[in-house]
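> After the structure tokens below, expect a handful of questions from me.
There are 2 protein chains.
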Amino acid sequence: MTTAPADDTRWLTDEEQRIWRAYMHAVTLLEDHLDRQLQRDAGMPHVYYGLLVQLAEAPQRRLRMTELAMRAKITRSRLSHAVARLEKNGWVRREDCPSDKRGQLAVLTEQGYAVLSDTAPGHVAAVRQALFDRLTPEQQKSLGEIMSIIAEGLQPSEAGADLPWLR
Amino acid sequence: MTTAPADDTRWLTDEEQRIWRAYMHAVTLLEDHLDRQLQRDAGMPHVYYGLLVQLAEAPQRRLRMTELAMRAKITRSRLSHAVARLEKNGWVRREDCPSDKRGQLAVLTEQGYAVLSDTAPGHVAAVRQALFDRLTPEQQKSLGEIMSIIAEGLQPSEAGADLPWLR
């Protein structure tokens, strides 16, 4: 005879629920806010903006697609889709990787760089207004520490880890 | 003769950049992690799970669509799309609102409640493992305070505010 398994789930306490919901609300609202601002000002969602920034900061404004997916923390299929759209806008172009026949590079075009330059001030203002301007220096420091801990925990270094850009 | 406008953008400092990127990385990785876990265990993305939770907690397990959009902090069109999918799964059904002819209710079905009950332990474990288990009690408290400040700042109470569920 078997007995029903005891419920050993460590349910969230009321306080943990409040923290978790505040996190979900802030994250959902902030992403909506930044998407909205970037769609209005440049016709692109926040994730595309992040890709343009990564390319602008890279040597010769180009990165291997696999590296770009890793830096943006997204899957390769999501990146392919985004880059196809950015290519259509004339903001990015793809080139074969000279050192690896199967590899591809994403290259920021002059037009892409210009769009990014025009869009950056409004985006930075939105980030400041929604986040930095509302937090004390101690809260900002604490936020950075907490978010680094969470991000590092979700990127185990062992082989076979389920990371978006390795799928 | 006009002079070029001075660049009065308050660019992020190096430290602010680090904080902002840690935030983006943590948020992107955690959402991917929870989506992945819920897709694997129940074939639904994280946002759908959140809708089922809201309905399960409501009196008679039902909410007006507008109220559900507000609680989930999403647009009405995104909610409509999600509820259509949940309806197809047999987890939610829609009913006309008895007090308002134009209003609609989303109602959690028995099947939806059962799926939620089966899925919740795995989801809570994933949230604990990725977030609560990694943070000290002080960091958890700080995270709750910071996220509440950000969420409140993005939900101005004045009429005409650009809130997702009012679009």
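Protein sequence lines correspond, in order, to chains G and L.
For what it's worth, the UniProt record's numbering labels the leading residue of the first sequence as 1, then goes sequentially.
For what it's worth, the UniProt record's numbering labels the leading residue of the second sequence as 1, then goes sequentially.
Just so it is clear, CB atoms sit at the ideal spot from N, CA and C, and this is done for glycine as well.
When you compare the CB positions of residue 82 of chain G and residue 48 of chain G, do they come within less than 7 Å of one another, or not?
Yes; because the gap between Cβ atoms is below 7 Å, this pair is in contact.
> Using 8 Å as the threshold, is the region 148–158 of chain G in touch with the region 45–65 of chain G, meaning 3 or more CB pairs across them?
Short answer: they don't touch.
> So which residues on chain G does residue 121 of chain L lean against when the C-beta distance must stay under 7 Å?
Simply 9.
> Can you say whether residue 111 of chain L is buried or exposed, counting buried as having 16 or more other CB atoms within 10 angstroms of its CB?
When all chains shown are included, residue 111 of chain L counts as exposed.
> Cβ of residue 37 of chain L less than 7 Å from any chain G Cβ?
Not one chain G Cβ lies under 7 Å of residue 37 of chain L.
> Can you list, in chain order, the stretches of the beta strand (DSSP E) that have 3 or more residues and sit fully within the UniProt domain "HTH marR-type" (16–152) of chain L?
Runs of the beta strand (DSSP E) inside the UniProt domain "HTH marR-type" (16–152) of chain L: 62–64, 92–96 and 104–108.
> Please report how far the alpha carbon of residue 33 of chain G lies from the alpha carbon of residue 119 of chain G, in whole angstroms.
Between residue 33 of chain G and residue 119 of chain G, the C-alpha separation is close to 15 Å.
> Show which residues of chain G have a CB atom less than 8 Å away from the CB atom of residue 113 of chain L.
What residue 113 of chain L touches in chain G: nothing, since even the nearest Cβ is about 16 Å away.
> At the level of alpha carbons, what is the spacing between residue 21 of chain G and residue 154 of chain L?
So the alpha carbons of these two residues sit roughly 15 Å apart.
> At least one CB of chain G closer than 7 Å to the CB of residue 27 of chain L: is that the case?
So, interface residue.
> Would residue 61 of chain G and residue 105 of chain G qualify as a contact pair, given that the criterion is a beta-carbon distance under 7 Å?
Their beta carbons are not under 7 Å apart, which means residue 61 of chain G does not touch residue 105 of chain G by this criterion.
> How is residue 8 of chain L classed by DSSP in three states: helix, strand or coil?
Coil, per DSSP.
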